[in-house]
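Remember, my numbering sits 13 above the position in the sequence shown when you count from 1.
Everything below concerns the one structure shown next.
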Amino acid sequence: MGDVANSSVGHHAKNQQHGANRAGGFGCTLPELRSLMELRGAEALQKVQETYGDVSGLCKRLKTSPTEGLSDNVTDLEKRRQIYGQNFIPPKKPKTFLQLVWEALQDVTLIILEIAAIISLGLSFYAPPGEQSDACGNVSAGAEDEGEAEAGWIEGAAILLSVICVVLVTAFNDWSKEKQFRGLQSRIEQEQKFQVIRKGQVIQVPVAELVVGDIAQIKYGDLLPADGVLIQGNDLKIDESSLTGESDHVRKAVDKDPMLLSGTHVMEGSGRMVVTAVGVNSQTGIIFTLLGASGEEEEKKEKKAKKQDGAVAMEMQPLKSAEGGEMEEREKKKANGPKKEKSVLQGKLTKLAVQIGKAGLVMSAFTVVILVIYFVIHNFVIGGRAWLSNCTPVYVQYFVKFFIIGVTVLVVAVPEGLPLAVTISLAYSVKKMMKDNNLVRHLDACETMGNATAICSDKTGTLTTNRMTVVQSYVGDTHYKEIPDPNNLNPKTLDLLVHAISINSAYTTKVLPPEKEGALPRQVGNKTECALLGFVLDLKQDFQPVRDQIPEQKLYKVYTFNSVRKSMSTVICMPDGGFRLFSKGASEILLKKCTNILNSNGELRSFRPRDRDEMVKKVIEPMACDGLRTICIAYRDFSAGQEPEWDNETEIVGELTCVAVVGIEDPVRPEVPEAIRKCQRAGITVRMVTGDNINTARAIAAKCGIIQPGEDFLCLEGKEFNRRIRNEKGEIEQDRLDKVWPKLRVLARSSPTDKHTLVKGIIDSTIGEQRQVVAVTGDGTNDGPALKKADVGFAMGIAGTDVAKEASDIILTDDNFSSIVKAVMWGRNVYDSISKFLQFQLTVNVVAVIVAFTGACITQDSPLKAVQMLWVNLIMDTFASLALATEPPTESLLLRKPYGRDKPLISRTMMKNILGHAIYQLTVIFTLLFAGEVMFDIDSGRNAPLHSPPSEHYTIIFNTFVLMQLCNEINARKIHGERNVFEGIFSNPIFCSIVLGTFGIQIVIVQFGGKPFSCAPLTIEQWLWCLFIGIGELVWGQVIATIPTSQLKFLKEAGHGPGKDEITDEEMAEDEEEIDHAERELRRGQILWFRGLNRIQTQMEVVSTFKRSGSFQGAVRRRSSVLSQLHDVTNISTPTHVILSAANPTSAAGSES
14 MGDVANSSVG
24 HHAKNQQHGA
34 NRAGGFGCTL
44 PELRSLMELR
54 GAEALQKVQE
64 TYGDVSGLCK
74 RLKTSPTEGL
84 SDNVTDLEKR
94 RQIYGQNFIP
104 PKKPKTFLQL
114 VWEALQDVTL
124 IILEIAAIIS
134 LGLSFYAPPG
144 EQSDACGNVS
154 AGAEDEGEAE
164 AGWIEGAAIL
174 LSVICVVLVT
184 AFNDWSKEKQ
194 FRGLQSRIEQ
204 EQKFQVIRKG
214 QVIQVPVAEL
224 VVGDIAQIKY
234 GDLLPADGVL
244 IQGNDLKIDE
254 SSLTGESDHV
264 RKAVDKDPML
274 LSGTHVMEGS
284 GRMVVTAVGV
294 NSQTGIIFTL
304 LGASGEEEEK
314 KEKKAKKQDG
324 AVAMEMQPLK
334 SAEGGEMEER
344 EKKKANGPKK
354 EKSVLQGKLT
364 KLAVQIGKAG
374 LVMSAFTVVI
384 LVIYFVIHNF
394 VIGGRAWLSN
404 CTPVYVQYFV
414 KFFIIGVTVL
424 VVAVPEGLPL
434 AVTISLAYSV
444 KKMMKDNNLV
454 RHLDACETMG
464 NATAICSDKT
474 GTLTTNRMTV
484 VQSYVGDTHY
494 KEIPDPNNLN
504 PKTLDLLVHA
514 ISINSAYTTK
524 VLPPEKEGAL
534 PRQVGNKTEC
544 ALLGFVLDLK
554 QDFQPVRDQI
564 PEQKLYKVYT
574 FNSVRKSMST
584 VICMPDGGFR
594 LFSKGASEIL
604 LKKCTNILNS
614 NGELRSFRPR
624 DRDEMVKKVI
634 EPMACDGLRT
644 ICIAYRDFSA
654 GQEPEWDNET
664 EIVGELTCVA
674 VVGIEDPVRP
684 EVPEAIRKCQ
694 RAGITVRMVT
704 GDNINTARAI
714 AAKCGIIQPG
724 EDFLCLEGKE
734 FNRRIRNEKG
744 EIEQDRLDKV
754 WPKLRVLARS
764 SPTDKHTLVK
774 GIIDSTIGEQ
784 RQVVAVTGDG
794 TNDGPALKKA
804 DVGFAMGIAG
814 TDVAKEASDI
824 ILTDDNFSSI
834 VKAVMWGRNV
844 YDSISKFLQF
854 QLTVNVVAVI
864 VAFTGACITQ
874 DSPLKAVQML
884 WVNLIMDTFA
894 SLALATEPPT
904 ESLLLRKPYG
914 RDKPLISRTM
924 MKNILGHAIY
934 QLTVIFTLLF
944 AGEVMFDIDS
954 GRNAPLHSPP
964 SEHYTIIFNT
974 FVLMQLCNEI
984 NARKIHGERN
994 VFEGIFSNPI
1004 FCSIVLGTFG
1014 IQIVIVQFGG
1024 KPFSCAPLTI
1034 EQWLWCLFIG
1044 IGELVWGQVI
1054 ATIPTSQLKF
1064 LKEAGHGPGK
1074 DEITDEEMAE
1084 DEEEIDHAER
1094 ELRRGQILWF
1104 RGLNRIQTQM
1114 EVVSTFKRSG
1124 SFQGAVRRRS
1134 SVLSQLHDVT
1144 NISTPTHVIL
1154 SAANPTSAAG
1164 SES
């Protein structure tokens, strides 16, 4: 690549002759364009001028017109795709089902079980010589009542079978999750469209259909989908941090730096570019391919390096260590280590699972030890036998038995169904949330939303319809409450107004005739500008002829709208050689810059500060109190003498003449007030953060119900907000912020920084009983930082810019606030589903562990056999997680307060339920174990002799145990102590089918399970007794519900989140990293590629410089943007050193994403 880039002009002259043949009739080859796109700034400009003359020369070579675009001819487009590639980067291959199975097999408990089962299988086939069995003693009192001789292998096989079941279920779940996620990704990608000009028409095409030679329109907020060269730009600034890591925005201009790169964000301005590289040939694509290939090539490289001679090997080594090795190692570490950003729920669950696991481990070890000691004492001490060497296998068989019992206890104790329940619950919710217009990008955002205590919402488009119309105006000294009759306006004023609106707005904004008869006109582009263009049409004028007369190319200078200016200005050349500037913007800002105003005769009248105050009082405030946004339209003429200093913006946009002030209405969405009422009832505070003026904001907030009359609340403007929260030095102080935010309901005239400050302040605040969990909505590019910082960021699917969508966790596909309420409902439902599952699971755990443990200690054999335990485990883990995790949400979820960050997973009510049911179940099982034979008049299963078949006694215990679990599963549907556990049970078909299905399988197991399941068939009467005891669970549930939790002081909660001290360190680190984190998150994976590119380019350049044996200074200088960020480039003693220091920090930072 370097060689192509450095080729001389003479070389290109030759190229031009061959060019036509080589590029299928186009005047540029693919490598030529690729090397062009690797240059920046003046270098690139020089190259374009040397090779093509100018950008239009490049367009000619690419057979495209800068104004008309491509001809939209299918064969032409297809040809371009064949020569220059498609705008599509092939995704990484998904994991195959077998890989997922292999991953599921890595589970520790499963591995222990597999080993135990294999040992058991191996030993069962070894039959010790028969005549010695007496000598070895009839030690099979408790442990070997299975008829070991003929059916010894069954247990091992059954364990293996159940392990296979668990593995397949887990792998299938992971696989379907992956598939869903890919479907989601492709849906997001398909929805991304971009504006291009074809046949002179501006049309939207899916990003994947862009071709080289397309003329693309770029505007504020776009994520560039391909590389290109700027043809015409207005005040264009690009954020290239994703490629270069430089956080400063880069100014782009046709005569300074016309290179635009894919994956970068347009932060300001607008323009048109000719697409020069797409897909894998664009800068993003090159990085993709390098990253994709680096993994596979690593091994090849290593082998190669060994074979080659010393010198070359030396050259390969630094490359290998810097590029591949370091990165791969870090990647591996990162992949195995925990993800930095754990959601609140995952944190609590991990902690709980570890605690339970430890307890289970202790219990199981204890069981094994007791069994072994008992066996040894019983045989060798009391029995007085010697240890005979030929009896060793028999003894080992017992020990393996004990070991299996111990492992079984462990398996039942460890809630490995927890991650499964969480996954199922989240995946189910995400799928259903799609129907509720929530496109979830990060799974954990779903449950975090259930804990939300505050929502900071935008006004425009979220709370309002974003269908703007001008309803009032002030023109020529008159305040019109509706659209004025054009005949009443002075013709000169009217003409100025039409020109000011038509020219000083993005030419991509249009109002098109309605698609259907009687529908509203279609608004395309910026909605505020659409309202103004609509106003022109309402005045019986037309904006298109004005634009045709002065096309975009003829605009002399454009100051585009941004959040700092809050205005937009355009300069055009007048016929007499002078200039005219049109400006529009927020009225209170622009009126301060006006020194004249047009009166009713269309003549200038001076406009003093006194007049301005009067106008604010009489015109602007009344409009704002009706909830209207006020926009001022003004102009200024510059005489033909000398050209003004265009870069001095404050001078230029000053001494304006006000033409009109219009009031734009953006009606509140009809469903919003109800949605906000629901939020408030659910204990969520809704705050409105907007760029509008305070009166408009207050009026809309009152209409929405965010502020109610008689409440104690604050409505602040950005300036006042900053004054209150900053100290004398201008630093933000948390305790000052804490005085403001609890009462703040409306923040008007706010900048993106204010929004970010507010969100961060609320999240970091420690006042109040619980820490706040904040959701934020945003649609603009400037909302990125706040969306990042928030616990859950919502972006608008329709009005949102690409930047906002990238930064968000959930995309609202209908831009509607009421969808957020649905997200809250689903989030709370996820939380509750997991709590239900825990309540059920822990009851089974406690009971099964105690039964196995005491049974083993008293009767040397667990009443529940290994295979039975695994079946119970399957019921309570996999099936229960399916049944309880798929409960649909109900409106009643919105009647309670949010849990917050610190609320434990297991409340005291749940603890009461768990212990209460455990007491009932243990009482029943121990009664059956020690008195069952008397009650049912059957043979006792305890201490059964060798080779005895499965006993009815133990079968009844197993059966009763399972039926109690089934009834308790119904109890577990309610976790807040409700009485009616059957409420809404039929609205969840999955739950019903699982309970009935499990019951059916249980009948089959008991009646026909025989040896493998250690079951003897039961009579109808015995079945009815088991069922009766099982249903007793439901009655007992009512008894427990009667006991008030408040009386049981001894109950503890469990499953807290991480403690305060643990949080602080992490958060401090997080704050230091915040800028980096925001940048990194911008495109989680992409950052890796972008950082990777930097590193790889540095290395390629260093290596090629080595090859040319020139100094390596050039390479270092060219990539100084990378090195400048890295603090550790202290000693550049050897070239190798440069590479290493350049590679490490970036790979470290990159791999964290």
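All residues carry an ideal CB built from backbone N, CA and C; glycine is no exception.
The model shown is predicted, which means the values in this text are computed figures rather than measured ones.
How long is the line joining the alpha carbons of residue i and residue j, rounded to whole angstroms?
i, j, result
"residue 1029", "residue 397", "36 Å"
"residue 804", "residue 786", "6 Å"
"residue 379", "residue 830", "56 Å"
"residue 297", "residue 275", "6 Å"
"residue 100", "residue 223", "6 Å"
"residue 685", "residue 584", "41 Å"
"residue 1170", "residue 754", "There is no way to answer for residue 1170, as the model of the chain reaches only from 14 to 1166."
"residue 938", "residue 1050", "17 Å"
"residue 571", "residue 662", "11 Å"
"residue 539", "residue 474", "12 Å"
"residue 471", "residue 1043", "54 Å"
Using the Cβ count rule (16 or more neighbours within 10 Å means buried), how would you classify residue i?
i, result
"residue 614", "exposed"
"residue 235", "buried"
"residue 747", "exposed"
"residue 195", "exposed"
"residue 652", "exposed"
"residue 557", "exposed"
Report the three-state DSSP secondary structure of residue i (helix, strand or coil).
i, result
"residue 1105", "Because residue 1105 sits at a pLDDT of 48, beneath the cut-off of 50, its placement in the model cannot be relied upon, and the point is left open."
"residue 6", "For residue 6 there is no data in the structure shown, the boundaries of the chain being 14 and 1166."
"residue 219", "strand"
"residue 726", "coil"
"residue 272", "strand"
"residue 408", "helix"
"residue 620", "coil"
"residue 991", "coil"
"residue 533", "coil"
"residue 207", "strand"
"residue 572", "strand"
"residue 951", "coil"
"residue 1131", "The predicted model places residue 1131 with a pLDDT of 38, which falls under 50 and marks its position as unreliable; any figure quoted below should be read in that light. Looking at residue 1131 - three-state DSSP - the assignment turns out to be helix."
"residue 75", "coil"
Going by the DSSP bridge assignment, what does residue i pair with across the sheet?
i, result
"residue 701", "470, 759"
"residue 670", "609, 648"
"residue 586", "592"
"residue 13", "No statement about residue 13 is possible, as the shown extent of the chain runs from 14 to 1166 and does not include it."
"residue 250", "264, 281"
"residue 677", "483, 642"
"residue 825", "451, 809"
"residue 6", "The chain is shown from 14 up to 1166; residue 6 falls before or after that span and cannot be answered."
Under 7 Å Cβ to Cβ from residue i, same chain only, skipping five residues before and after it: list those, please.
i, result
"residue 851", "918, 919"
"residue 602", "579, 580"
"residue 612", "489, 490, 618"
Within the same chain, show all residues whose beta-carbon is closer than 6 Å to that of residue i, passing over the 5 residues directly before and after it, in chain order.
i, result
"residue 765", "576, 795"
"residue 82", "210, 211, 228"
"residue 943", "none"
"residue 916", "none"
Using a Cβ-Cβ cut-off of 8 Å, state whether residue i counts as contacting chain D.
i, result
"residue 213", "Absence of chain D from the displayed structure is noted, only one protein chain being present."
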